[in-house]
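I have placed the structure first, in the form of structure tokens, so that the comments after it can refer back to it.
In the UniProt record's numbering, the protein residues as written are 1 to 232.
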């Protein structure tokens with residue numbers, strides 16, 4: 001019997017809901033029952049919420065008291081907590097002293113860390129501390145002022161102009177033309193290394209400035225602490 005009913009349903013015409021008539025298209029789509037159901041459920045939910053709030057307001061005891069009421073007030077319908085008087089003075093003198101000591105220790109710790117990073121960067125860049133040391137010089141003697149004016153250091157040393165500043169391992173032009181120099185790299189690689197080196201020097205300069213600022217901050221905190229102790 002059930003199979004017969006299914007066979008009959010298979011021959012039935014599919015039901016189609018009526019659409020909005022042409023003369024009412026300006027009103028939008030025709031609302032179906034499922035649309036009305038969603039709208040009605042949302043409306044009744046909001047009405048129930050409002051009814052529960054009204055009941056809660058009616059049942060409230062006007063004489064009830066909470067300790068939080070002392071430190072809060074109502075502003076524009078919103079509960080705002082009052083800032084307690086003297087909150088800035090909650091810390092005792094001993095606590096403030098410990099806080100100042102911790103500040104000094106923190107600044108000193110950061111300064112020492114920056115100093116270690118600076119030393120590590122210097123070792124990576126192979127920097128030499130040449131302050132107070134005279135740079136080695138090479139003196140050439142000429143017989144006349146004209147020879148001094150016409151003097152060409154690269155020609156005199158028989159090397160390329162790019163290698164004049166080198167104080168060691170300076171190959172001559174004959175060596176450059178006749179032999180293959182080991183370790184020679186392409187100009188692009190040299191430029192890339194130069195950019196990386198410049199970036200490292202920039203980072204080093206920033207870290208040195210940061211280390212100096214940390215030192216100044218530590219000195220100011222220590223001076224403030226000493227003045228506070230002397231006033232006592």
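Every residue gets a Cβ at the ideal spot worked out from N, C-alpha and C, and that includes glycine.
Asked: Touch test, the stretch 59-78 against the stretch 189-204, Cβ-Cβ under 8 Å, three pairs minimum; Found: no
Asked: Unbroken beta strand (DSSP E) run spanning residue 79, endpoints; Found: 78-81
Asked: Best match in 70, 79, 122, 144 for proximity to residue 205 [C-alpha to C-alpha]; Found: 122
Asked: For residue 13, three-class secondary structure by DSSP; Found: coil
Asked: Residue 109 classed as buried or exposed, judged by whether at least 16 other C-beta atoms fall within 10 angstroms; Found: exposed
Asked: Residue 111 classed as buried or exposed, judged by whether at least 16 other C-beta atoms fall within 10 angstroms; Found: buried
Asked: DSSP-derived helix/strand/coil call for residue 30; Found: coil
Asked: Between the CA atoms of residue 227 and residue 104 - distance to the nearest angstrom; Found: 15 Å
Asked: Contacts around residue 208, its chain only, beta-carbon distance under 8 Å, and the 5 residues preceding and following it disregarded; Found: 118
Asked: Among 32, 10, 14, 12, nearest to residue 20 - alpha-carbon criterion; Found: 32
Asked: Contacts around residue 225, its chain only, beta-carbon distance under 6 Å, and the 5 residues preceding and following it disregarded; Found: 100
Asked: Among 156, 149, 124, the one whose alpha carbon lies nearest that of residue 138; Found: 156
Asked: Integer-rounded CB distance, given that residue 172 should sit under 8 Å from residue 152; Found: Contact flag wrong, Cβ pair sits at about 15 Å.
Asked: Distance CB(residue 107)-CB(residue 203) smaller than 8 Å; Found: no
Asked: Cβ-based burial, residue 124 [other Cβ within 10 Å; buried from 16]; Found: exposed
Asked: Residue burial classification, residue 142 (beta-carbon count within 10 angstroms, cutoff 16); Found: exposed
Asked: Proximity of residue 39 and residue 30 at Cβ, strictly below 8 Å; Found: no
Asked: Bounding residues of the alpha helix (DSSP H) (the contiguous stretch that carries residue 146); Found: 145-149
Asked: Buried versus exposed, by CB contacts within 10 Å (16 or more), residue 69; Found: exposed
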